[in-house]
Amino acid sequence: MKNHLSIEVDLDSLTYETHIIGNLAFVIDFHDYFPGQNWSDFVAVVLNWWVDNCRALVFAPLNETYSFQFMDGPIQIAAKKVTATDVELTFVEDGHPKTRMGTVSLEELKHAIIQASHQLINAVDRNGWQNEEIEQLRHAVKTLLTY
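According to our numbering, the stretch in the sequence shown is residues 1087 to 1233, in order.
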């Protein structure tokens, strides 16, 4: 059975100085947050990495694994392509698998990353913030939409 996946960006937590910082997490089945509900990170930087890895995963052969890393802390979500359309997610800490998060469709992973990126971009635009990271994210999301 496939799990439901979303990526939550807490827009109320966003701050901006040199980088855009805020709470960001993978959410499995609407209630399991990885790495945690209040995990704060460099949101634009991390989402750029995730867009790139998701694009690579779309074209990856079976059993290939890509890491969806966080900037703060030695944690990541490992996504292993188990079928042409599905990935198995595992929460990894300090290089060791901690929690098998479940299997989700690759399309759902892609959609979750795009949606979180659009939410961040819209919030940044509303606040009138600008930096190179958000401009890179705008471009990266457009390229992911074509796959």
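Every residue gets a Cβ at the ideal spot worked out from N, C-alpha and C, and that includes glycine. Since this is a predicted model, take the numbers as computed values, not measurements.
For E1193, same chain residues with a beta-carbon under 8 Å away, outside a window of 5 residues either side, are T1171 in chain order. If only uninterrupted beta strand (DSSP E) runs of at least 3 residues are considered, those enclosed by the region 1118-1189 are 1118-1120, 1126-1128, 1151-1155, 1161-1167 and 1172-1179.
Secondary structure at D1211: helix, using DSSP grouped into helix, strand and coil. Per DSSP, the unbroken beta strand (DSSP E) holding T1101 starts and ends at L1091 to Y1102. Distance check between L1097 and each of T1229, D1118, A1130 and F1120 places A1130 closest, using alpha-carbon atoms only. A1202 is a Cβ neighbour of V1095, given a cutoff of 7 Å. When Cβ pairs closer than 8 Å are counted between the two stretches, the region 1183-1192 is seen to touch the region 1113-1129, the count reaching three or more. K1167 sits buried, since 16 or more C-beta atoms from the chains shown fall within 10 Å of its C-beta.
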